[in-house]
Amino acid sequence: MMNTYVKVGIAIAIALSLGSQVMAADGGNPKKGKHLYKKECKACHSVNSEGVELTPMTKTMSQWDRFFTRDMHKAKPAIFEALSEKDLKDIQQFLYDHAADSDQPATCG
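Read in order, the letters of the sequence shown correspond to residues -24 to -1, 1 to 85 in mature numbering (1 follows the signal peptide of the UniProt record, and there is no 0).
See below:
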């Protein structure tokens, strides 16, 4: 009886953890997002630039999701006007997939 409860508990825990990751930044193209990040964002978000240094590993997956859902980019550079919703989703997917707590954390080298 206890063995069944343990198995069910483990299955629920796995489903919830996988479900929250899929739900978060679903729908973007991380390869395109990496290219867009390097092209459009990195100039202002690297060492000795006008914005704070940001790499995917700067935040956790949930922090990147909050950043995009709450539209936390304070400066609103002109580039935001030029980027489509799909482009922003691609950038979000790249940052999410390589966040500090992801399976493949990475900088944007």
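Ideal placement from N, C-alpha and C gives every residue a C-beta, glycine not left out.
What you are looking at is a predicted structure, and each value in this text was computed from that prediction instead of being measured.
Item, Value
"Throw me the rounded Cβ distance for the residue 9 and residue 66 pair, which I believe falls under 8 Å.", "4 Å"
"Thinking C-alpha only, which one of 77, 72, 28 is nearest residue 5?", "72"
"By the 10 Å Cβ neighbour count, where 16 or more other Cβ atoms means buried, how is residue 70 classified, buried or exposed?", "buried"
"Taking only heavy atoms of the ligand NAP into account, decide whether any of them is closer than 8 Å to the Cβ of residue 16.", "No copy of the ligand NAP occurs in the structure displayed, which carries no ligand at all."
"What would DSSP say about residue 29, mapped onto helix, strand or coil?", "coil"
"What is the DSSP secondary structure of residue 17, reduced to helix, strand or coil?", "helix"
"Which word fits residue 41, buried or exposed, when buried means at least 16 other C-beta atoms lie within 10 angstroms of its C-beta?", "buried"
"How many Å lie between residue 48 and residue -22 at the Cα?", "46 Å"
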